[in-house]
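S.K.: Per the UniProt record's numbering, residue 1 is the first one in the sequence shown, and the count goes up by one each step.
Cβ atoms here follow ideal geometry from the backbone N, Cα and C, with glycine treated the same way.
Dropping the structure in here first, questions after.
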Amino acid sequence: MIAIVRARTLHNLRTGIADAEAATEAARSEAEQRRQEAECAIDSAIRAETAVDELRAALARATADAARLEGELETLRAQSLLDTEDRQALRMLLRMTRKQNGPADRVYVLFHYGELHSVHATVDAAEAAAEAEGAPRSGWTAHTPGAALPPATEVLWRVQPLPLGGVR
Numbered sequence: 001m002i003a004i005v006r007a008r009t010l011h012n013l014r015t016g017i018a019d020a021e022a023a024t025e026a027a028r029s030e031a032e033q034r035r036q037e038a039e040c041a042i043d044s045a046i047r048a049e050t051a052v053d054e055l056r057a058a059l060a061r062a063t064a065d066a067a068r069l070e071g072e073l074e075t076l077r078a079q080s081l082l083d084t085e086d087r088q089a090l091r092m093l094l095r096m097t098r099k100q101n102g103p104a105d106r107v108y109v110l111f112h113y114g115e116l117h118s119v120h121a122t123v124d125a126a127e128a129a130a131e132a133e134g135a136p137r138s139g140w141t142a143h144t145p146g147a148a149l150p151p152a153t154e155v156l157w158r159v160q161p162l163p164l165g166g167v168r
């Protein structure tokens, strides 16, 4: 069968085919461009997810470090308070030592039934020496100045302060 087609129709058909091929090529090009954009978006999403995971891990480490450092800070604060108390106690001991290292104006004599037993720098040292010899830990009384002392032979242990010579 032979068909007769006018030149104008033939031209329109050829133009239509060319337009369709151009549209198809444009659609392919646009589809390829969209596919590349999708791949880029997927890569970006993967990188973002990896970055989020890394940031979460870094946050967990930072939180653990902060908790550890907070514990260390509490320990250091407590240690600082103890150090301050220690320095205060040392200062007090130093003051007491300096006071005691001054020239002694008296000694404390320990008597046992009126007989000289020992001589000490402090009342506490004299009492400790008597306790080491078997004296009771309690019952020590202070002598009132000016009051009469009981006879020495009647007192088991007696500590008596005596002024040192030359000191008034």
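Is the separation between the beta-carbon of L164 and that of R98 shorter than 8 Å?
M.R.: Taking 8 Å as the Cβ cut-off, L164 and R98 do not qualify as a contacting pair.
S.K.: Given T153, which residues of its chain have a CB within under 7 Å of its CB, disregarding the five upstream and five downstream residues?
M.R.: Excluding positions up to five away in sequence, the list reads Y113, G114.
S.K.: Indicate the three-state DSSP secondary structure (helix, strand or coil) for L76 in the structure shown.
M.R.: DSSP places L76 in helix when its eight states are reduced to three.
S.K.: Would you please state the rounded distance, in angstroms, between the beta carbons of A129 and L110? I believe it to be under 8 Å.
M.R.: With 8 Å as the limit, A129 and L110 qualify as a contact, their Cβ atoms being about 6 Å apart.
S.K.: Pull up the distance between the alpha-carbon of V123 and that of A67, whole angstroms please.
M.R.: Cα-Cα distance, rounded: 54 Å.
S.K.: Please report the straight-line C-alpha distance between P161 and Y108, rounded to a whole angstrom.
M.R.: Approximately 4 Å between the Cα atoms of the pair.
S.K.: Distance, Cα to Cα, M92 vs L73?
M.R.: So the two alpha carbons sit approximately 28 Å from each other.
S.K.: Quick check on E133: does DSSP put it in helix, strand or coil?
M.R.: Of the three classes helix, strand and coil, the one that applies to E133 here is coil, per DSSP.
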